[in-house]
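Under this note's numbering, the first residue of the sequence shown carries the number 1276, and numbering increases by one thereafter.
Here a beta-carbon is modelled for each residue, glycine too, at the ideal position from N, C-alpha and C.
Inspection log for the structure reproduced underneath, given as structure tokens.
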Amino acid sequence: MAIYREVETDVYCDVCGEHVIGWRSAGQGVSRSWAAYYARKKGCTTGKRIVCKKCRIEQRKRQCSLIKRYGHPPIEKTGECLGFSNEKDDEPIEKCKRCIACSSFDWEEERKRLSV
Ligand SMILES: [Zn+2]
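Below, the structure is given as structure tokens:
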């Protein structure tokens, strides 16, 4: 059967509109749930809306109670927050380390956690 069908699957951020990930494939293509899975592995949240890693970081910083109370700690050029630290050392406090907006957040670990 000389019917060729190519399916394009693309994931965009619902906040900034940035293209997160995409596939072109013959036949069935990538299912929505797999597309969401790979988008999550790239740091997105995929509920009703897709929110990319960059926008999640921005939202988290806006909602941060520590930032509201104490003002913004220094940020990386990439927009990641360097977090709050104790006076004694430069290490961010535990709360910050677990925050996705923090530059010390372990995205590699998060990817492993999300893996099926
Ligand atoms: Zn975005």
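At least one heavy atom of ligand 1 is found less than 6 angstroms from the C-beta of Lys1329.
Exposed is the label assigned to Cys1291, since fewer than 16 other Cβ atoms lie within 10 Å of its Cβ.
Cβ contact annotation for Lys1372 (same chain, cutoff 6 angstroms, sequence separation greater than five): Ser1379, in chain order. Straight-line spacing of the CA atoms in Ala1376 and Ile1350 works out to 10 angstroms. One alpha carbon belongs to Leu1389, the other to Arg1315, and they sit about 8 angstroms apart. Taken through DSSP and simplified to helix, strand or coil, Ile1342 comes out as helix.
Between the alpha carbons of Tyr1287 and Ile1296 lies a distance of about 7 angstroms. Below 8 angstroms, too few C-beta pairs join the region 1358-1370 and the region 1325-1332 to call them touching: fewer than three. Shown here, Cys1377 sits in a strand according to DSSP, grouped into three states.
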